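Since the structure comes first, as structure tokens, the remarks are kept for the end.
There are 2 protein chains.
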Amino acid sequence: VAVTVTWPGGLKSAGVASGIKPDGALDLGLIVAARPLAWAGTFTKNAAAAAPVLWCRSLLGTPVRALVVNSGNANACTGPGGDAAVRAVAGAAAEVAGCEPEEVLVASTGPIGVALPAGAIVASLPEAAGALTPDVDSFARSILTTDTRVKVTASGSGAASLVGVAKGAAMLAPNMATMLAFLVTDASLDAPALQSALDAAVHRTFDRISVDACESTNDSVFLLATGETSVNEAAFTAQLESACSSLAEQIVRDAEGGSKLVRISVRGAADDDAAVALGRAVAGSTLWRAAVHGADPNWGRVLSALGSVDRSLDLGRVQLSIGTEPVFAHGAPAGSLDTAAKVMAADEFEIDCVVGEGPGAAQVLSSDLSPEYVTLNAYGTT
Amino acid sequence: VAVTVTWPGGLKSAGVASGIKPDGALDLGLIVAARPLAWAGTFTKNAAAAAPVLWCRSLLGTPVRALVVNSGNANACTGPGGDAAVRAVAGAAAEVAGCEPEEVLVASTGPIGVALPAGAIVASLPEAAGALTPDVDSFARSILTTDTRVKVTASGSGAASLVGVAKGAAMLAPNMATMLAFLVTDASLDAPALQSALDAAVHRTFDRISVDACESTNDSVFLLATGETSVNEAAFTAQLESACSSLAEQIVRDAEGGSKLVRISVRGAADDDAAVALGRAVAGSTLWRAAVHGADPNWGRVLSALGSVDRSLDLGRVQLSIGTEPVFAHGAPAGSLDTAAKVMAADEFEIDCVVGEGPGAAQVLSSDLSPEYVTLNAYGTT
């Protein structure tokens with residue numbers, strides 16, 4: 015699917031094939047700016063964070079000129095060789111961008127524990143630099159792994175322009191940005207303001223999606239600002255949240271092996287964080303996700319998941335609905351399972367969990383668990 | 015598979031078909047004692063605990079004469095009707111056992127949220143009472159759901175006799191006994207001593223297994239003592255732990271849709287509890303479990319799972335082995351993936367995670383995630 019979106023603020027990007035992916039697909043993305051940009055980033059909290067994540071964290075607070083991302087290799091758990099590979103890539107990108115290596119952000123996604131073929135990337139960066147274009151399309155395609163389509167969002171009329179691209183697929187759980195996303199705006203905000211806006215937006219979007227409850231070593235969300243357009247910070251944060259929300263939803267819709275989008279709405283929790291925890295518990299239940307795959311209204315698995323994280327859950331106050339069909343209310347089964355099954359037969363549906371403990375609410379997006387997910391993830395390392 | 019094990023202390027049991035299971039399989043088990051027995055129990059911590067769990071918890075500390083268990087229906091999340099069903103079953107069992115309803119333990123396992131057909135159970139209890147025998151076989155078969163075989167353990171030479179039966183299959187995660195298990199001993203111990211021994215044994219066995227990381231609403235472990243044989247408490251606790259360990263392993267070997275037993279050994283954790291938490295994180299990773307299914311040595315998924323629960327994990331100190339093959343050491347990949355893949359091709363193997371933080375150690379038993387598990391759990395409610 016070709017995308018006809020261009021980066022704001024005159025930014026350019028390219029996507030080329032460096033040979034990391036054996037099938038010759040695009041696997042190397044490059045973004046280059048004409049001058050140093052303020053930026054913000056959120057990264058995985060996983061202690062086994064990948065080498066590029068460690069590199070980017072060390073650059074937080076200083077302006078950047080370029081960004082390199084490869085798919086097909088996570089450069090995670092790769093030891094000192096992994097760090098050296100990041101430096102080699104940043105150095106080569108600095109050369110083609112005309113900046114310092116410490117002005118180059120680096121991101122990777124793919125299998126863990128395999129040495130990054132930095133030489134192939136270094137050799138392909140001049141080709142990428144020669145292919146730079148305002149069009150996001152080839153860059154958006156170069157970052158995909160088992161994603162089946164590009165994920166792009168764009169907004170801007172009457173405000174700052176904001177364009178984002180992302181990739182997802184699997185090893186995707188809500189705890190910080192849980193995939194790769196690259197957002198570019200022409201808003202004029204300094205790094206602390208950008209970081210504050212990004213933290214707020216990520217907390218309410220990428221932190222509330224789950225494909226398989228597995229936290230990645232490489233999750234990164236980048237926000238680059240070219241600075242041409244004055245903005246109201248609150249309005250920009252709302253715009254950013256909307257963009258992140260769009261990308262998050264696109265990621266869940268394209269979940270590895272998944273065929274359904276389930277909006278898990280939790281209301282009446284002690285607070286919003288508690289609501290998120292309850293929603294995540296449901297989103298992470300393999301039994302419930304298997305039932306979603308079969309459109310089987312096995313709501314007991316939802317209650318069981320809620321009760322496994324909230325030890326003081328009072329079943330007498332819990333109301334559970336699948337779509338608009340109540341399936342559990344006043345401490346007992348309710349409604350029609352056949353109606354609930356019809357709701358679940360759709361590609362997208364909502365379950366509503368009212369727990370009766372307080373004002374907290376959140377929506378967590380999740381997908382189904384399919385035999386295909388297992389098959390997709392059962393082989394491949396050797 | 016017929017089992018030729020008899021209960022200690024003259025206890026008798028039976029298993030009959032009450033019609034709960036549509037295929038006419040055994041679904042109702044009854045144990046009756048000639049006099050009141052001291053007992054201990056551990057139950058799910060799930061806030062959506064089933065009606066029979068609430069009933070048994072209320073009886074802790076008082077002697078019992080009988081135990082009724084049904085498979086094919088969990089009597090969980092069934093509201094006031096579920097509590098009434100338990101009382102009806104306990105009352106009917108009290109009649110055939112010649113005791114009070116408050117001397118009858120009740121357990122259930124099966125789908126959640128379906129009204130228990132108490133009438134069918136009540137009608138079948140006289141038949142069960144007429145079939146009472148010292149042989150555990152029909153009782154052991156009556157408690158099975160998607161289990162493919164009975165799970166029995168027996169020990170006793172030179173000590174107290176101890177016989178246990180269990181059922182498992184799915185919705186099985188380590189947080190308290192995560193299935194049904196019934197242990198009977200002729201040891202002479204009072205209820206507090208039995209409870210202390212059971213808590214210790216369960217903590218190190220049933221609490222350290224995981225099939226799908228889904229915590230059940232019905233998990234219960236019962237220990238009944240007929241009191242003929244004087245025992246040393248420490249020796250009995252060790253005997254009990256061994257019996258629970260055997261049942262726990264049998265449960266994981268017969269995991270729903272599973273074909274492999276994986277011993278996740280964690281060493282060098284801050285303490286034993288931290289080691290259990292790390293082991294559970296690996297056991298709960300759908301990505302790692304899919305790789306186990308395909309015998310794919312994707313050790314990065316193990317590291318990622320460890321790093322998702324231990325935020326201070328120092329990769330430089332982590333050593334990971336699949337069987338005896340090191341796959342990650344000194345902060346970098348090591349060893350041969352082909353050798354590791356051969357290890358994983360076996361029906362049973364161990365992974366060893368040394369995290370270098372302290373003296374804590376634990377072993378968590380887990381299984382693989384198969385397409386069959388998903389298919390088994392995707393349908394059935396309607």
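Residue numbers (the numbering used here), protein chains in the order written: chain A, 15 to 396; chain B, 15 to 396. Just so you know, even glycine gets a beta-carbon here, dropped at the ideal spot from N, CA and C. Just so we're clear, the structure is a prediction, and the values are computed from it rather than from any experiment.
Using a cut-off of 8 Å between C-beta atoms, extract the partners of residue i located in chain A.
i      : result
P347/B : C91, T92, G93, G127, V128 and A129
G321/B : N60, A61, A62, A63, E229 and T231
If you follow the beta strand (DSSP E) that residue i is part of, which residue opens it and which one closes it?
i      : result
W302/A : Run containing W302/A: none in the beta strand (DSSP E); it sits in the alpha helix (DSSP H), T300 to H307.
C367/A : E362 to V368
A195/A : L194 to A201
P66/A  : Looking at the DSSP string, P66/A is not in any beta strand (DSSP E); the run it does join, the alpha helix (DSSP H), is A65 to L73.
T402/A : A query on residue 402/A cannot be resolved here, the shown segment of chain A reaching from 15 to 396 and no further.
Which class does residue i belong to by DSSP, given the choice of helix, strand or coil?
i      : result
L13/B  : Nothing in the structure corresponds to residue 13/B, since chain B is present only between 15 and 396.
I265/A : helix
T219/A : coil
G330/B : helix
E229/B : coil
G144/A : helix
K356/A : helix
R410/A : Beyond the ends of chain A as shown, which are 15 and 396, falls residue 410/A; an answer cannot be given.
G349/B : coil
E242/A : strand
I135/B : helix
M190/A : Note that M190/A has pLDDT 35, beneath the 50 cutoff, so the model's placement of it is unreliable and the number below is only indicative. M190/A falls in the coil class under three-state DSSP.
G374/B : strand
P340/B : strand
G23/B  : helix
For residue i, which residues from the same chain have a beta carbon less than 6 Å from its beta carbon, with the 5 sequence-adjacent residues on both sides left out?
i      : result
A187/A : Note that A187/A scores a pLDDT of 49, beneath 50, so its modelled location is shaky; the value from the coordinates is reported in the next line. So the qualifying residues of the chain are S224, A227, C228 and E229.
L329/A : G345
R79/B  : A47, P50, A111, C113 and E117
Q333/B : A343 and V368
D366/B : S279 and S335
L238/A : L51, W53 and V198
Q264/B : K165
A106/A : V136 and L139
A214/B : T251
G293/B : I278, V280, A376 and V378
What residues in its chain sit with their C-beta under 8 Å from that of residue i, if we drop five residues either side in the sequence?
i      : result
L146/A : K26, S27, A28, L44 and V46
H375/B : Note that residue 375/B corresponds to Ala in the displayed sequence, not to His. So the list reads S279, V280, R281, G282, A283, D286 and A289, once near-sequence residues are dropped.
V15/B  : Legend: pLDDT at V15/B = 48, less than 50; position of this residue unreliable, no value from coordinates given.
V150/B : V17, V19, T20, W21, S27, V166, V177 and V179
Provide the residue span of the alpha helix (DSSP H) that contains residue i, from first to last.
i      : result
A108/B : G93 to A111
S85/B  : First-last for S85/B: V78 to S85, but that is the beta strand (DSSP E), not the alpha helix (DSSP H).
S152/B : D151 to S156
L292/A : D286 to A297
V388/A : P385 to N391
Short of 7 Å in beta carbon distance, which residues of its chain neighbour residue i, apart from the five on each side in sequence? Order them along the chain.
i      : result
R277/A : E364, Q377 and L379
G394/B : none
L73/A  : E116 and L119
A267/B : For the sequence presented, residue 267/B should be read as Arg rather than Ala. Contacts found: L275.
R315/B : S299, L301, W302 and A305
E242/B : G23, D200 and S202
Along chain B, which residues have their Cβ under 8 Å away from the Cβ of residue i?
i      : result
H307/A : V388 and A392
D226/A : T300 and L301
Using a Cβ cut-off of 7 Å, pull out every chain A residue sitting near residue i, in sequence order please.
i      : result
K59/B  : R325
L383/B : V388
G133/B : Result: empty, since nearest Cβ-Cβ is about 18 Å, beyond 7 Å.
F153/B : Within 7 Å Cβ-Cβ: nothing; F153/B doesn't reach chain A, min ~26 Å.
D329/B : This sequence places Leu at residue 329/B; Asp is not what is there. Chain A residues near L329/B: A62 and C91.
Find the residues of chain B that neighbour residue i, judging by a C-beta separation of less than 9 Å, and give them in chain order.
i      : result
C367/A : Neighbours of C367/A on chain B: none; closest Cβ ~12 Å, over 9 Å.
Please list the partners that residue i has in chain B, where partner means a Cβ-to-Cβ separation under 7 Å.
i      : result
W313/A : G127
T251/A : Here the premise fails: no neighbours, minimum Cβ distance about 27 Å.
What residues of chain A sit near residue i, judged by a beta carbon separation below 9 Å?
i      : result
D287/B : By Cβ distance, chain A contributes nothing, its closest Cβ being about 17 Å from D287/B, past 9 Å.
Legend entry - Meets three-Cβ-pair contact criterion under 8 Å: the region 23-31 of chain A and the region 118-125 of chain A: Touching, no, given that fewer than three Cβ pairs across the two stretches are closer than 8 Å.
Legend entry - Touch test, the region 377-384 of chain B against the region 271-281 of chain B, Cβ-Cβ under 8 Å, three pairs minimum: The region 377-384 of chain B vs the region 271-281 of chain B: in contact.
Legend entry - Sufficient close CB pairs (3 or more, under 8 Å) joining the region 241-253 of chain B to the region 200-217 of chain B: Here the region 241-253 of chain B makes contact with the region 200-217 of chain B; the two share three or more CB pairs at distances below 8 Å.
Inset, instruction - Kindly confirm or deny that the region 336-349 of chain B and the region 298-310 of chain B touch, where touching means at least three C-beta pairs closer than 8 Å. - result: With a cut-off of 8 Å, the region 298-310 of chain B and the region 336-349 of chain B do not count as touching, because too few Cβ pairs lie within range.
Inset, instruction - Specify whether the region 60-76 of chain B and the region 318-337 of chain A touch according to this definition: at least 3 beta carbon pairs, one from each stretch, less than 8 Å apart. - result: Contact annotation: the region 60-76 of chain B touches the region 318-337 of chain A, with at least three C-beta pairs closer than 8 Å.
Legend entry - Validate contact between the region 92-99 of chain A and the region 343-357 of chain B using beta carbons, cut 8 Å, 3 pairs: Contact holds: three or more Cβ-Cβ distances are below 8 Å.
Inset, instruction - Assess, as a yes-or-no matter, whether the region 192-201 of chain B is touched by the region 164-183 of chain B under the definition of 3 or more beta carbon pairs within less than 8 Å. - result: Put simply, the region 164-183 of chain B touches the region 192-201 of chain B. At least three CB pairs are less than 8 Å apart.
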